[in-house]
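Each remark here refers to the structure printed beneath this line.
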Amino acid sequence: MKALRAVDVRGVWGTVLLPLGGDGAIDWGRLAAQIDTLVASGVDGVYAHGTAGEFHAIDEGEFDRVNEVLATRCEAAGLPFQLGGSHPATPVMLGRIRRAAALEPGAIQVILPDWVPLNDDEVVRFLAGAAEAAGPVPLVLYNPPHAKTQIGPALLARAAEATPSLIGVKMAGGDEDWYTAMAELAGDLSVFVPGHLLATGIARGAHGSYSNVAAMSPRGAVAWYRMMTTDPEDALDLEARIAEFFRRHIAPLQVARLSNPALDKFLATVGGWADIGTRLRWPASSAPDDAVAPARADAHRLLPELFPV
Numbered sequence: 009m010k011a012l013r014a015v016d017v018r019g020v021w022g023t024v025l026l027p028l029g030g031d032g033a034i035d036w037g038r039l040a041a042q043i044d045t046l047v048a049s050g051v052d053g054v055y056a057h058g059t060a061g062e063f064h065a066i067d068e069g070e071f072d073r074v075n076e077v078l079a080t081r082c083e084a085a086g087l088p089f090q091l092g093g094s095h096p097a098t099p100v101m102l103g104r105i106r107r108a109a110a111l112e113p114g115a116i117q118v119i120l121p122d123w124v125p126l127n128d129d130e131v132v133r134f135l136a137g138a139a140e141a142a143g144p145v146p147l148v149l150y151n152p153p154h155a156k157t158q159i160g161p162a163l164l165a166r167a168a169e170a171t172p173s174l175i176g177v178k179m180a181g182g183d184e185d186w187y188t189a190m191a192e193l194a195g196d197l198s199v200f201v202p203g204h205l206l207a208t209g210i211a212r213g214a215h216g217s218y219s220n221v222a223a224m225s226p227r228g229a230v231a232w233y234r235m236m237t238t239d240p241e242d243a244l245d246l247e248a249r250i251a252e253f254f255r256r257h258i259a260p261l262q263v264a265r266l267s268n269p270a271l272d273k274f275l276a277t278v279g280g281w282a283d284i285g286t287r288l289r290w291p292a293s294s295a296p297d298d299a300v301a302p303a304r305a306d307a308h309r310l311l312p313e314l315f316p317v
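Going by this note's numbering, the sequence shown opens with residue 9, and the numbers climb by one from there.
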């Protein structure tokens with residue numbers, strides 16, 4: 009796969025979720041079928057080993073096999089793909105980055121070391137080291153709200169200057185001032201924001217999303233993204249209805265302290281586009297199965313645009 013540039017990283021990207029059997033083992037047949045559906049959905053790319061992909065709960069053999077399955081299918085389809093190289097232990101993370109880079113993805117996603125917060129020099133040093141491990145494959149920094157070290161626009165600009173192969177970020181977004189600062193200080197990077205906030209993000213200068221909306225409906229997320237160009241007001245209206253759906257069906261799960269992987273697998277089960285299931289790797293709690301049907305009914309009633317016939 010050709011290495012991506014910042015200008016290439018745009019639109020809606022779908023994530024690989026782990027279909028698990030009753031014993032917690034990955035069901036590789038269901039995983040392959042899920043990726044085939046994603047590839048055919050019209051998304052701008054597919055990625056593996058984000059938070060929703062439970063990168064923190066798989067062993068190295070599983071990590072490599074997920075990469076092989078995804079790379080083989082995306083290469084055959086000519087669809088861009090990214091591989092996450094993240095792991096809580098930095099030496100293991102560097103090993104993952106090197107092995108992922110050998111498959112020549114469009115980019116490798118990394119998190120910052122997370123057991124203790126990093127100072128600014130350590131952030132810059134880590135990204136430079138990750139880039140060295142990745143070789144010719146560029147990096148995308150994943151800096152979610154729960155990361156111990158939060159990266160602002162100024163530090164991001166410094167890191168990008170020190171590591172030219174850093175082409176993009178996945179972040180929570182912010183207010184108008186945040187978008188202005190990102191444009192001024194880190195304007196050469198691809199900026200991706202949460203899927204359920206994408207219409208607002210695009211209007212303020214974001215470039216796309218590694219999308220939780222695509223977790224619920226890949227084809228619907230693509231249709232919504234197109235709407236942001238053709239009918240931006242309608243796209244913002246749909247975003248407001250997505251927020252209402254989240255208030256009704258996602259917020260209660262957050263109050264119950266379920267994890268983001270649990271929420272994304274719940275969304276995928278509500279959407280029903282692939283046989284993924286709600287089960288997570290031990291010791292994580294899964295969303296209750298009896299919450300799926302009411303959420304599915306509300307999703308189709310509130311968000312018909314996300315479920316094209």
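Just so it is clear, CB atoms sit at the ideal spot from N, CA and C, and this is done for glycine as well.
Nearest-angstrom Cα distance between residue i and residue j?
| i | j | result |
| --- | --- | --- |
| Ala167 | Ala139 | 11 Å |
| Thr188 | Ala180 | 15 Å |
| Lys10 | Ala264 | 43 Å |
| Leu197 | Pro146 | 12 Å |
| Thr277 | Ser219 | 15 Å |
| Arg289 | Ala299 | 20 Å |
| Pro99 | Gly37 | 31 Å |
| Met123 | Met101 | In the sequence on display, residue 123 carries Trp and not Met. Cα-Cα distance, rounded: 13 Å. |
| Arg309 | Val221 | 16 Å |
| Leu266 | Ala97 | 24 Å |
| Thr80 | Pro125 | 36 Å |
| Asp185 | Ile175 | 22 Å |
| Arg255 | Lys273 | 17 Å |
| Leu193 | Ala165 | 6 Å |
| Asp72 | Leu78 | 10 Å |
| Val190 | Asp242 | One detail in the question is off: residue 190 reads as Met in this sequence, not Val. The straight-line gap from Cα to Cα measures roughly 26 Å. |
| Thr286 | Ala85 | 28 Å |
| Asp128 | Gln117 | 20 Å |
| Pro161 | Ala115 | 21 Å |
| Ile43 | Glu76 | 12 Å |
| Lys156 | Glu112 | 30 Å |
| Glu313 | Ala303 | 16 Å |
| Gly182 | Pro153 | 11 Å |
| Ala296 | Thr171 | The residue asked about is misnamed: residue 296 is Pro in this sequence, not Ala. Their backbone Cα atoms lie some 43 Å apart in a straight line. |
| Ile258 | Gly69 | 33 Å |
Under the assumption that residue i contacts residue j (Cβ atoms under 8 Å), give the Cβ distance between them as a whole number of angstroms.
| i | j | result |
| --- | --- | --- |
| Ser49 | Gly22 | 7 Å |
| Trp281 | Ser225 | 6 Å |
| Phe89 | Gly137 | Actually they do not touch by this definition, with Cβ atoms about 23 Å apart. |
| Val199 | Val51 | Between Val51 and Val199 the Cβ distance is about 18 Å, and since that is not below 8 Å, they are no contact. |
| Pro240 | Ala211 | 7 Å |
| Leu244 | Ala207 | 5 Å |
What is the residue span of the alpha helix (DSSP H) that residue i lies within?
| i | result |
| --- | --- |
| Trp36 | 36–47 |
| Val199 | Unbroken run through Val199 is the beta strand (DSSP E), 198–200; no alpha helix (DSSP H). |
| Gly137 | 128–142 |
| Glu241 | 240–257 |
| Thr98 | 98–109 |
| Leu163 | 161–170 |
Which stretch, first to last residue, makes up the beta strand (DSSP E) that contains residue i?
| i | result |
| --- | --- |
| Lys178 | 174–178 |
| Ala115 | 115–118 |
| Phe315 | Phe315 -> no beta strand (DSSP E), and no H or E assigned at all. |
| Ala279 | Here the sequence assigns Gly to residue 279, which means Ala is not the residue at that position. Counting along the chain, Gly279 falls outside any beta strand (DSSP E), though it belongs to the alpha helix (DSSP H) covering 268–279. |
Can you check DSSP and say which residues form a bridge with residue i?
| i | result |
| --- | --- |
| Phe89 | Val54 |
| Tyr150 | Lys178 |
| Val230 | None; Val230 has no bridge partner. |
| Thr23 | Tyr55 |
| Gly216 | Gly19, Phe200 |
| Leu193 | According to DSSP, which records beta bridges pairwise, Leu193 is partnered with nothing at all. |
| Leu28 | Ile34 |
Sufficient close CB pairs (3 or more, under 8 Å) joining the region 89–102 to the region 52–66: yes
Could you say if the region 202–213 and the region 246–257 meet the contact criterion of at least three C-beta pairs nearer than 8 Å? yes
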